[in-house]
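A.B. asks: What follows is a structure written as structure tokens; I'll ask about it next.
Numbering (our numbering), first residue to last: 1177 to 1574.
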């Protein structure tokens, strides 16, 4: 018997698709009592203009006008304001999303994007498929946007205690909440080999501290200036810079690396991130929730040097409040100072790893997939505690 799981995303940034891919990979592993056929749909493809341009508009706003994007985020972050946005957008997606549900006939619908939670519920009603459960998987940390918090969803998966408490405050019934962590790909749980073995495989020195620098799949923002500042600071480190799909940046850094005092490994898009996260000593990154969750799972301390206005501010606070790394938002010199302070104080790195071990739920995507499978089988959220994760402590409590 095969069950169909429809995962709804919008390609506004790479994080939502990565989370959906992680859940789909974990669903693919389930073989009993049913197998699963996960299907990931970019809902913008089923909308009318201008929602069809949502992904492009998001990318352009972040590249050329981040403060304007942040202002729009805050302007819609309230119950009444968000309901007004929903009423405006409904005519652009409602019929087409209904038709998608009718044609695919899913056994469970999973929203992995904040703008699609209300949309999924309304389109399900239009399709007369009220018996098909809708599951929301929240992929932001900290003080999340109002659009994530939909009490009518059959189940709401949250990544952290802060989000759990906010969901309760916004009326989500506790019986529908599950604290399972951010959905990171199962391969992050499956890395084998000692740290020494991994360093040898990745051509990293056995003893010199290794610092990894990244800025998401597109490799944009302040990555170049931060990489050059770290490479010129004469720190006792080996630097690994991940440029993602930004090939011109990778070429430029590759040409400059020979003239810099710090050894630098320049990578493009790579599928070896799980291995690198287990091998290096420190990650310098923007505050993407997926990257932070992956670092926590690998117990890799972080320095956060940038964030998307509004959307990722809560992730910065999550790192700060839980003692998961340092925040260095005021230019490359503050990043250099933060890296120097951590590399020269191994006991601080050890304390951060301890906090990460406490905060990060293990096997998150597999536990989320197990919950989705159980809901698809029974049509209701299970009452047992196998999926709750509420025994987790917080670093602050410790």
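All C-beta atoms, glycine included, are put in the ideal place defined by N, C-alpha and C.
Identify whether residue 1412 lies in helix, strand or coil by the three-state DSSP scheme.
C.D. replies: coil
A.B. asks: Helix, strand or coil for residue 1556? Go by DSSP, reduced to three states.
C.D. replies: Shown here, residue 1556 sits in coil according to DSSP, grouped into three states, outside any helix or strand.
A.B. asks: What number of angstroms, rounded off, separates the C-alpha of residue 1470 from the C-alpha of residue 1452?
C.D. replies: 11 Å
A.B. asks: Spatial neighbours of residue 1566 within its chain, please: C-beta separation below 7 Å, excluding the five flanking residues on both sides.
C.D. replies: Note on residue 1566: pLDDT 43, under 50, position unreliable in the model; the coordinate value appears next. If we look at residue 1566 and ignore the five residues flanking it on each side, its Cβ neighbours are 1355.
A.B. asks: Grab me the residues of residue 1348's own chain with a C-beta within less than 7 Å of its C-beta, minus the 5 sequence neighbours each way, in chain order.
C.D. replies: 1325, 1327 and 1332
A.B. asks: Can you find the residues in the same chain that come closer than 8 Å, C-beta to C-beta, to residue 1375, ignoring five residues on each side of it along the sequence?
C.D. replies: 1381, 1382, 1386 and 1455
A.B. asks: With H, G and I counted as helix, E and B as strand and the rest as coil, what does DSSP make of residue 1398?
C.D. replies: coil
A.B. asks: Among 1318, 1193 and 1215, which one has its Cα closest to the Cα of residue 1535?
C.D. replies: 1318
A.B. asks: From residue 1600 to residue 1521, what distance separates their C-alpha atoms?
C.D. replies: The question about residue 1600 has no answer, for the chain in this structure spans 1177 to 1574.
A.B. asks: For the 8 Å Cβ check, are there 3 or more pairs between the segment 1407-1417 and the segment 1437-1450?
C.D. replies: yes
A.B. asks: For the beta strand (DSSP E) that residue 1213 lies in, which residues bound it at each end?
C.D. replies: 1211-1218
A.B. asks: Going by the CB atoms, is the gap between residue 1210 and residue 1179 shorter than 7 Å?
C.D. replies: yes
A.B. asks: Please identify the residue among 1464, 1285 and 1419 whose C-alpha is closest to the C-alpha of residue 1191.
C.D. replies: If we check each option's Cα against that of residue 1191, 1464 comes out closest.
A.B. asks: Run through DSSP, which three-state label would residue 1448 get?
C.D. replies: coil
A.B. asks: Cutting at 8 Å between CB atoms, please list the residues of its own chain near residue 1297, excluding the five before and the five after it.
C.D. replies: 1310, 1326, 1328 and 1329
A.B. asks: With residue 1181 as the anchor, note down where its beta strand (DSSP E) starts and where it stops.
C.D. replies: 1178-1185
A.B. asks: With DSSP as the reference, identify every bridge partner of residue 1480, one or two as the case may be.
C.D. replies: 1461 and 1503
A.B. asks: To which residues of the same chain is residue 1445 closer than 6 Å at the C-beta, ignoring the five residues directly before and after it?
C.D. replies: 1420 and 1421, listed in sequence order.
A.B. asks: Relative to the C-alpha of residue 1304, which candidate in 1397, 1292, 1280 and 1274 has its C-alpha closest?
C.D. replies: 1274
A.B. asks: Return the CA-CA distance between residue 1477 and residue 1525, expressed in angstroms with no decimal places.
C.D. replies: Going from the Cα of residue 1477 to the Cα of residue 1525 covers about 6 Å.
A.B. asks: On the premise that residue 1313 lies in contact with residue 1199, defined as a C-beta separation below 8 Å, what is that separation, rounded to the nearest angstrom?
C.D. replies: 7 Å
A.B. asks: Using only the alpha-carbon positions, how far apart do residue 1278 and residue 1197 sit?
C.D. replies: 23 Å
A.B. asks: In whole angstroms, what separates the C-alpha of residue 1276 from that of residue 1267?
C.D. replies: 15 Å
A.B. asks: What residues in its chain sit with their C-beta under 7 Å from that of residue 1361, if we drop five residues either side in the sequence?
C.D. replies: 1197, 1198, 1201 and 1541
A.B. asks: From residue 1559 to residue 1256, what distance separates their C-alpha atoms?
C.D. replies: When rounded, the separation of the alpha-carbon atoms in residue 1559 and residue 1256 is 33 Å.
A.B. asks: Going by Cα to Cα distance, which pick from 1467, 1473 and 1518 is closest to residue 1366?
C.D. replies: 1473
A.B. asks: Taking DSSP as the reference, what is the three-state secondary structure of residue 1546?
C.D. replies: Helix, per DSSP.
A.B. asks: Select from 1483, 1508 and 1300 the residue whose C-alpha is nearest the C-alpha of residue 1243.
C.D. replies: When the alpha-carbon of residue 1243 is set against those of 1483, 1508 and 1300, the nearest one is in 1483.
A.B. asks: Just to confirm the assignment, what range does the beta strand (DSSP E) spanning residue 1285 have?
C.D. replies: 1284-1287
A.B. asks: Might you give, ordered along the chain, the residues of its own chain that have their beta carbon closer than 7 Å to the beta carbon of residue 1516, omitting 5 neighbours on each side?
C.D. replies: 1411
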